[in-house]
Each structure stands twice: as C-alpha cells, then as structure tokens.
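K.L.:
Residue numbers (full-length UniProt numbering): 1 to 227.
(1) Residue 137 by DSSP, collapsed to three states: which one?
(2) Could you check where the alpha helix (DSSP H) with residue 34 kicks off and where it finishes?
(3) Taking just the CA atoms, how far does residue 224 sit from residue 211?
(4) Skipping 5 residues on each side, what residues in its chain have a beta carbon closer than 6 Å to that of residue 132?
(5) Could you check the C-alpha separation between residue 167 and residue 141 for me, to the nearest Å?
(6) When the Cα of residue 139 is compared with those of 22, 31 and 25, which residue comes out closest?
(7) When you compare only the Cα positions, how much space is there between residue 195 and residue 163?
(8) With 16 other CB atoms within 10 Å as the buried threshold, where does residue 34 fall?
(9) With distances taken between CB atoms, is the gap from residue 173 to residue 64 smaller than 7 Å?
If you want it as structure tokens, here you go:
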C-alpha cells in the first residue's frame with residue numbers, strides 16, 4: 001500500500017451547512033459509518049461530549065467488575081486471615097478513581113498518537129483527535145454483559161468474557177485507526193502505523209521488564225545457592 005495514495009479521507013468533508021448530528025446518531029455512526037462519523041467528529045470537535053462518553057464507558061466496565069474485585073478481596077483476606085482489603089473501600093475507590101484515570105488515559109493516548117502523527121506529517125489537531133477517540137471507545141460497553149457472565153458461569157464464563165473482551169478491544173483499536181485516519185487525513189498505512197507503534201513499543205517494554213525481573217530473580221537464587 002502506498003502511503004502517498006490517500007483515497008477517501010478528504011473526500012466529502014463536513015460542510016458547515018450539513019445537518020448537525022445528534023448524540024445517538026454519532027454512537028450509531030461509529031458502528032455503521034466510522035469514516036464519515038470520525039470525519040465529522042474531527043471537524044466539529046465535541047471534546048467535552050467525547051470525554052463524557054469515554055468516562056461513562058470506563059465507569060460501566062469498572063462497576064461491572066466491582067463484584068469480582070470484592071470476591072477477590074474477600075478470598076485474599078480469608079487466605080491471609082486479615083481484613084487489609086476492605087470490599088466497601090474497593091468499590092468506593094473504583095467509582096471515584098476510574099473517571100479520573102480514564103480522562104487522564106484518553107489525554108495521554110491522544111497525545112502519543114498526536115506526536116506520532118505529526119512525525120508522519122499528518123494534518124490534524126489534538127482536540128479533534130480526542131473528540132474522535134472518545135467516541136471510538138463506544139463498542140467497549142458491549143463487553144459489560146460478558147463480564148457479568150464471568151461471575152455466574154464459572155470457568156466457562158471467564159473464558160467467554162476473556163474472548164469477548166479481546167474481540168471488543170480489537171474492534172476499538174480498529175476504530176482508533178479510523179479516527180486517526182480521518183483526523184490527520186492519512187492513508188491507511190500511516191494511520192495503522194500511528195496506532196500500532198505505541199502498541200509495539202509497549203509490548204517490547206513489557207518483554208524487557210519481564211526479562212529484567214527473571215534475570216534479577218535468577219541472579220538472586222544463584223547468590224543464595226552460592227552463599
């Protein structure tokens with residue numbers, strides 16, 4: 001694919017006379033017409049609404065996960081014969097902290113994409129990208145019922161929930177590529193690289209950390225044996 005042959009992202013730009021899209025239209029468009037919808041979002045920049053969507057979806061996921069966290073805390077308390085992990089506190093902290101962390105994460109993710117896009121000579125702005133990425137997270141909300149399934153269906157439920165979570169995660173990642181493409185008027189190749197470079201670097205970093213931990217552990221074990 002030739003990155004210089006961009007065929008589509010700048011066609012049919014959002015006209016100032018175009019009918020304003022409603023909130024439900026935008027959510028529906030993310031699923032059915034991602035290119036058109038992200039192009040609209042990148043130009044109109046409803047950044048506050050995008051933050052609210054992103055935070056709300058993260059909140060839903062966190063709330064659905066609270067029962068599992070509480071069960072895990074109780075199990076750890078029983079195993080350690082202590083009450084160091086307060087289930088009520090876990091729920092409260094989750095509800096309060098998740099919106100803050102999700103807003104920060106959207107800001108950071110958009111910032112990383114923006115820097116890479118500028119390096120790749122993209123023509124778009126940071127606010128437009130945040131507006132598109134916030135809505136790109138929408139499919140994640142469909143993972144919530146599967147998370148609940150994991151609480152009542154045992155191992156099978158956990159497996160199904162894990163597969164569903166992975167599937168919706170890939171869907172959101174693909175929508176991120178659409179969002180980057182429309183915001184920066186990129187070819188598909190450059191849009192894909194903009195999104196995948198941080199993922200690849202993150203994987204490399206995790207592998208290096210694991211190697212470092214294993215090396216330190218082996219060194220410590222050998223030291224004990226030598227002593």
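Backbone N, C-alpha and C define an ideal beta-carbon position, used for all residues, glycine too.
P.N.:
Straight from the coordinates:
(1) Note: residue 137 maps to coil in three-state DSSP.
(2) Unbroken alpha helix (DSSP H) run through residue 34: 34-44.
(3) When rounded, the distance between both Cα atoms is 20 Å.
(4) Once the five neighbours on either side are set aside, the close Cβ partners of residue 132 are 38, 41, 42, 179 and 183.
(5) Going from the Cα of residue 167 to the Cα of residue 141 covers about 12 Å.
(6) Closest option to residue 139, Cα to Cα, is 31.
(7) Approximately 22 Å between the Cα atoms of the pair.
(8) Buried, since its Cβ has 16 or more Cβ neighbours within 10 Å.
(9) No, these two residues do not count as a Cβ contact at 7 Å.
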